[in-house]
Structure formats: C-alpha cells, structure tokens
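Visitor:
In the UniProt record's numbering, the protein residues as written are 1 to 249.
#1: If you pair each beta-carbon of the stretch 48 to 62 with each one of the stretch 20 to 39, do three or more pairs fall below 8 Å?
#2: With a CB to CB cut of under 7 Å and the five nearest residues on each side skipped, what residues in its chain are close to residue 131?
#3: Evaluate the contact criterion for the stretch 196 to 204 versus the stretch 103 to 112: three or more CB pairs, one atom per stretch, below 8 Å.
#4: So which of 141, 161, 215, 52 has the shortest CA-CA distance to residue 203?
#5: By a C-beta neighbour count over all protein chains shown, 10 Å radius and 16 as the cutoff for buried, is residue 78 buried or exposed?
#6: So residue 114 is in the alpha helix (DSSP H); what residue range does that whole segment cover?
#7: Could you have a look at residue 235 and say whether DSSP puts it in helix, strand or coil?
#8: If you run the structure through DSSP and keep just helix, strand and coil, what is residue 148?
#9: Going straight from the alpha carbon of residue 154 to that of residue 163, what length do you get?
#10: At what residues does the beta strand (DSSP E) containing residue 73 begin and finish?
#11: Do you know how far the Cα of residue 55 is from the Cα of residue 27?
#12: Just the Cα atoms here: how many angstroms apart are residue 186 and residue 241?
#13: In whole angstroms, what separates the C-alpha of residue 255 from that of residue 231?
#14: Can you list, in chain order, the residues of its chain whose CB lies under 7 Å from that of residue 11, leaving out five sequence neighbours each side?
#15: Are residue 214 and residue 120 closer than 8 Å when you measure CB to CB?
#16: Any idea if residue 233 is buried or exposed, counting beta-carbon neighbours within 10 angstroms, 16 or more meaning buried?
#17: Can you tell me the Cα-Cα spacing of residue 216 and residue 239, whole angstroms?
#18: Measuring straight from C-alpha to C-alpha, what distance separates residue 224 and residue 66?
#19: Can you tell me which residues form a DSSP beta bridge with residue 80?
#20: Can you tell me the Cα-Cα spacing of residue 80 and residue 50, whole angstroms?
#21: How big is the Cα-Cα spacing for residue 114 and residue 144?
#22: Starting from residue 166 and walking both ways along the alpha helix (DSSP H), at which residues does that stretch end?
#23: Under a Cβ-count criterion, where at least 16 other Cβ atoms within 10 Å of its own Cβ denotes burial, should residue 235 be classed as buried or exposed?
#24: Hey, out of 243, 156, 176, 177, whose CA is closest to residue 211's CA?
#25: In chain order, what are the residue ranges of uninterrupted alpha helix (DSSP H) at least 4 long that sit wholly in the stretch 9 to 55?
Put into structure tokens, the structure is as follows:
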C-alpha cells in the first residue's frame, strides 16, 4: 500500500475542514497514491498530515462512507472501496455533500418539479389527492411536535411526481432520495439564522399552497406555487451561504 504523505504544495483552501480532508484523500485515490483495497492511514496520521482535529478527520471519513468511497472495519481500519459505476446522467446522490451541491440540486428541482406540479394538477386522481393530503398532514403534525419532517416532506414531493403520470419525474426524485430535502443534509433554519418553528411554518404554508392548487386542478397556480416554494428554499440557502463566506455565520 502507498502511504499518504504531506502534500508538497500548500493545500487548497476549503471553507469546511472536513471537505479539505475528503479532497486530499480523493486526490490521492485519483493519482494512484492509494488504491482500492488499501487501508487509509490512522486518524492520528491524517491529523498530522492535514493539521486538523480528530473530530474533523472522523467527519471526513463519515462523508466518504456515505459516498461509498471507503468502509470502516471495526478494530481493523478504514479501507478504500472500488469506485461504483457512475449513475446515468451523473446523478449520484452520494456526491451531494456541500451547500453548493444542495443549491445545484434545488436548481434542478425547480425546473423538474414546477412542471410536475402543473401536470399533477391536470392529471391527479382522487386517491392521489388523498395521499398528498395525508403527507401534508403528517408533515404539519411532525413540525408542530418538533419531530423529524424529512420523510413526510419527501413523500409530499414524490406523490406530486407520481400524480404527474410521467414516471420519469418520480424516477429522478426517487433516485436522488432524501437529498431532495435540503435540511436532510444541512440545518437550513440555523444557517438562515431563523427560528426553526417559524421556518417550518413557512415551509408548511408553501406546501399548503401547492396542495390547494392541485386540489382545484389549477395547473398554472400549481406551477407558480411550486416555483415559489423551491425558489424560496434556494434563496434561504443562498443567503446563508453568503453569510458563511463573509464569516458571519
């Protein structure tokens, strides 16, 4: 196995230290310094090479595990995995890690789900409308009780995609999984410096507007409501990103 060594050139600057460690190890895998099946250096060695804390190293390894890059065998160490086959169109959910990745997914979703909502309004069945109502009620109840809302949120959007009667909308969103919900990856309310209850209430109202338009089979309003909802999510994250880059968050 090739042991990682300290970089000969100054490391690239990363806003997130863990992402810097991920990038360092990813570069080593790409240039052949470390190969699939090789064991990564110990946490202590990576800490020394990168000049970071143990917490940062563990966060980086967690990201790489989620991305299918490495696996940790308890009591033995962390090993590099063979790269998985690249998904069609490059839509690899495991690569959605940074805030910029989440923003990019939101931009994709705006174009896809705006039209899906319009088609759902025109094509939905009564059964699908009831499923959509159940997902929205579940979301609102969970939000009021301070419980996790991501699963209900995802079900709401997937039901709309299914009601569009175009399976490709549903296939793409299903493939992306919980990455379609920004707060499954990052604390959107905290980053936007917003009260979590107020944040969730606004998201709930946006969902209600989408549901009402689909319920009355108003395709134009459904498109507008979905675009507003996802556009608001994008702007909240964009403002949060600007605060972080300015060193204020």
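Built from N, CA and C at the ideal position, the CB exists for glycine as well.
Guide: Short version:
#1: yes
#2: 159
#3: no
#4: Nearest of 141, 161, 215, 52 to residue 203, Cα basis: 141.
#5: The residue in question, residue 78, is buried, as its Cβ has 16 or more Cβ neighbours within 10 Å.
#6: 99 to 123
#7: Here residue 235 sits in helix by DSSP.
#8: coil
#9: 14 Å
#10: 70 to 73
#11: Residue 27 and residue 55: Cα-Cα distance of roughly 21 Å.
#12: Caution is warranted here: a pLDDT of 47 is assigned to residue 186, below 50, making its placement in the model unreliable, and the coordinate value is therefore given only provisionally. Roughly 11 Å between the two C-alpha positions.
#13: Not covered by the structure: residue 255. The range shown for the chain is 1 to 249.
#14: Note on residue 11: pLDDT 46, under 50, position unreliable in the model; no value is reported.
#15: yes
#16: buried
#17: As the crow flies, the alpha-carbon of residue 216 is around 34 Å from that of residue 239.
#18: 35 Å
#19: DSSP, once it has assigned bridges, lists 70 as partnering residue 80.
#20: Roughly 19 Å between the two C-alpha positions.
#21: 27 Å
#22: Unbroken run through residue 166: none, as it is neither H nor E.
#23: exposed
#24: Distances from the alpha-carbon of residue 211 to those of 243, 156, 176, 177 put 156 closest.
#25: Counting only runs of 4 or more, we get 17 to 30, 43 to 50.
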